[in-house]
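Chains W and H supply the protein sequences, listed in that same order. Going by the numbering used here, the first sequence opens with residue 1, and the numbers climb by one from there. Going by the numbering used here, the second sequence opens with residue 1001, and the numbers climb by one from there. Encoded as structure tokens, the structure appears first; notes follow it.
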Amino acid sequence: MTQILQYLVMPLVHIVVALAAILTFIALNGLILVYVERKVAGFIQRRPGPYEVGPQGLLQPLADALKLMAKQLVMPRGADSILFWAAPLLSFTPVAICLMPIPFGPNLTGWNVNLGILLVLAFSGLNVLALCLAGWSSNNKYSLLGAARAVAQSVAYEIPLLLSVLCIAFTTGSLNFADVTASQSHGLFSWNIFVQPLAFLIFFIAALAETNRAPFDLPEAESELTAGFHTEYSGMGFGLFFLAEYSYMIVVSAVGSVLFLGGWNGPFLSGHWWMLGKIYALILVMMWFRWTYPRVRFDQLLNICWKWLIPLSLMNLLGTALIINLVR
Amino acid sequence: MTTIRKTLNGLWSLIVGLKVTGKEFCKPWLTVHYPRQEVNNLNTYRGHIELVSLSDDPGKPKCVVCRRCEEICPSDCIRIEMHTPEESHLPDRPLMLISGVPLAGSVAKDPLCEGDKLLRVLDGFYLNYNMCSLCGLCVQNCPVSSLTFSQEVYLAGQKRSDFEFDLLQRLQEDAYKPIKSYH
Chain W
1 MTQILQYLVM PLVHIVVALA AILTFIALNG LILVYVERKV AGFIQRRPGP
51 YEVGPQGLLQ PLADALKLMA KQLVMPRGAD SILFWAAPLL SFTPVAICLM
101 PIPFGPNLTG WNVNLGILLV LAFSGLNVLA LCLAGWSSNN KYSLLGAARA
151 VAQSVAYEIP LLLSVLCIAF TTGSLNFADV TASQSHGLFS WNIFVQPLAF
201 LIFFIAALAE TNRAPFDLPE AESELTAGFH TEYSGMGFGL FFLAEYSYMI
251 VVSAVGSVLF LGGWNGPFLS GHWWMLGKIY ALILVMMWFR WTYPRVRFDQ
301 LLNICWKWLI PLSLMNLLGT ALIINLVR
Chain H
1001 MTTIRKTLNG LWSLIVGLKV TGKEFCKPWL TVHYPRQEVN NLNTYRGHIE
1051 LVSLSDDPGK PKCVVCRRCE EICPSDCIRI EMHTPEESHL PDRPLMLISG
1101 VPLAGSVAKD PLCEGDKLLR VLDGFYLNYN MCSLCGLCVQ NCPVSSLTFS
1151 QEVYLAGQKR SDFEFDLLQR LQEDAYKPIK SYH
């Protein structure tokens, strides 16, 4: 009886609590990031941004969320109803799992797994499938074009992403996030961004492309494709895609800060504050990029990946492997 | 080699771009936060046209009813109603601002040589602001500067008839009201 409690019930309770906490974090985070994104856009364009709802416009994201929830869900004629409604769910659900193995603090890990990096990479790949289904089932040419772009882009950029992550796995010798964090606990210059600067650069560019953020937001390029894969979605269908996009920003920033920026390591403050600070710093940089760079053309997008990022990351990986072998 | 140099230049331009937007981020707002702030140059606003009154009588327009504005308006949005004490000879008699010189555009078969001005009385100056494109030709061509742009920024209406004005009536109404302030 005690054994059942120990090996079956307790881990289950642990996972359920962790999932609930992560979903709360994601929802809160969606609200915060919507506000921050619009404020950043406003300030960069020298205007106040949202201002009217609540003090300093703080309640604006709540108003937006209410509007999305209250809107009617419309499905276009001729659309595949099952796939059409499955796509936003499929886009959003893997996010919770992606955040499970990430150590947010010394004792704040949802689920400490040995192959955490692999888990995140595998489940974040599901998002492409969701975008593809959304575009295909919408029965709309813009959606379909957006989906085609999303697939081509994600497939291409997953390679440099994986290769740059692999460099860290090589130097650390582990696919566990906790081990990677522990290996960077010897001061600022033990952080992997100083050990593997090129890998960080490639990781960050590929992460921007994987999350469909500007300047790589071709799947939803509004000037060409109205809204790309989510053209036909209204109300919470669109809301879930939106939430998923912001949550994936959190995922890639969290992974980026654990792999390259020392995770929760930092002086004075307790670990989770450092982790949160690093995540939001990366997200702010992503927003800064969005409001600075124009969208690239599709052939340029693929050229950057196949002609620059993949060869560079391959060279970086080979160099890393060589040095590790020589040192040993 | 040139490819690498080009790429490095391109990468540097990305950083320059970030610097530009980063600086803009820190600067104060440029937009005017309307209900709380207002611009202070409303006097440069060019609204619909308005009649200018005589300096000694605020209820009477400077207008001499030459009807140039009505004729020149490309949108046909001005309509003038008038009468003259000598109605029988109206089409044959030219309008003279300076005695002896008939105005261009006024019909002059038999110019009056006595040097008297032809007296015309303005009964109504109707502006259909729905059609107006604010080109300003009427203001430019008024020989006595009787037309000007109003500064009515907050003009709004729900019906077409809300933008059909009798400017003469407006002038007379405004003359006995306290001066409007748009600031």
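Yeah, the Cβ is synthetic: ideal placement off N, Cα and C, and Gly gets one too. Bear in mind that the values here come from a model prediction, so they are computed numbers and not experimental data.
Taking a beta-carbon distance threshold of 7 angstroms, residue 1017 of chain H counts as an interface residue toward chain W. Ranked by Cα distance from residue 257 of chain W, the options W:283, W:269, W:114 are led by W:283. For the region 126-209 of chain W, the full-length alpha helix (DSSP H) segments reaching 4 residues or more read 126-137, 141-172, 177-183, 192-195 along the chain. Under the DSSP assignment, residue 1083 of chain H falls in the beta strand (DSSP E) whose first and last residues are 1078-1083. Residue range 81-99 is occupied by the alpha helix (DSSP H) that includes residue 92 of chain W, with no beta strand (DSSP E) assigned at that position. Taking 7 angstroms as the CB threshold, residue 61 of chain W stays off the interface with chain H. Across the region 1024-1042 of chain H, CB contacts with chain W closer than 7 angstroms involve 1024, 1025, 1027, 1029, 1030, 1031, 1033, in sequence order along the chain. Those residues of the region 296-313 of chain W placed with their C-beta closer than 8 angstroms to a C-beta in chain H are 308, ordered along the chain. By the neighbour-count criterion, in which a residue is buried when 16 or more other Cβ atoms sit within 10 angstroms of its Cβ, residue 98 of chain W is buried. At a cut-off of 7 angstroms between beta carbons, residue 1002 of chain H makes no contact with chain W.
Taking a C-beta cut-off of 7 angstroms against chain H, none of the residues of the region 227-254 of chain W qualify. A straight line joining the alpha-carbon of residue 285 of chain W with that of residue 1016 of chain H spans about 15 angstroms. Inclusion of residue 1042 of chain H and residue 1153 of chain H in the CB contact set at 7 angstroms is warranted, their separation being smaller than that value.
Straight across, the Cα-Cα distance linking residue 1065 of chain H with residue 1037 of chain H is about 42 angstroms. Where residue 1165 of chain H is concerned, there is no enclosing alpha helix (DSSP H), although the beta strand (DSSP E) around it starts and stops at 1164-1166. If you ignore the 5 residues before and after residue 179 of chain W, its C-beta comes within less than 7 angstroms of the C-beta of 172, all in its own chain and listed in chain order. Taking 7 angstroms as the cut-off, the Cβ atoms of residue 1150 of chain H and residue 1047 of chain H count as close. In this structure residue 262 of chain W is buried. Its beta-carbon is surrounded by 16 or more other beta-carbon atoms within 10 angstroms. Within chain W, not a single residue places a beta-carbon under 7 angstroms from that of residue 1010 of chain H; the smallest gap is close to 10 angstroms. Using a Cβ-Cβ cut-off of 7 angstroms, residue 290 of chain W does not count as an interface residue toward chain H, since no Cβ of chain H sits closer than that to its own.
Cβ contact annotation for residue 296 of chain W (same chain, cutoff 6 angstroms, sequence separation greater than five): 215, in chain order. Taking one beta carbon from each stretch, the region 140-159 of chain W and the region 208-225 of chain W have 3 or more pairs nearer than 8 angstroms; the two touch. Separation of residue 313 of chain W and residue 233 of chain W (C-alpha to C-alpha, rounded to the nearest whole angstrom) is 37 angstroms.
For a Cβ distance threshold of 8 angstroms, residue set 1029, 1030, 1031 of chain H lies close to residue 47 of chain W, ordered along the chain. Within chain H, the residues whose beta carbon sits less than 7 angstroms from that of residue 44 of chain W are 1021, 1024, 1025, listed in sequence order. Per DSSP, reduced to three states, the secondary structure at residue 1146 of chain H is coil, with no helix or strand assignment. Relative to the Cα of residue 66 of chain W, the nearest Cα in the group W:238, W:182, W:244 belongs to W:238.
The residue among H:1031, H:1023, H:1123, H:1001 with its C-alpha nearest the C-alpha of residue 1167 of chain H is H:1123.
If you check the CB distance, residue 139 of chain W and residue 235 of chain W do not come in under 7 angstroms. Counted as a single uninterrupted DSSP element, the stretch harbouring residue 276 of chain W is not any beta strand (DSSP E) but the alpha helix (DSSP H) occupying residues 271-290. Contact between residue 185 of chain W and residue 265 of chain W is confirmed by a C-beta separation of about 5 angstroms, below the 8 angstroms threshold.
Residue 109 of chain W is bridged by DSSP to W:103. For the 7 angstroms CB-CB criterion, residue 160 of chain W and residue 206 of chain W form a contact. Put simply, the region 89-108 of chain W touches the region 11-22 of chain W. At least three CB pairs are less than 8 angstroms apart. The three-state reading of DSSP puts residue 1125 of chain H in strand, counting E and B together.
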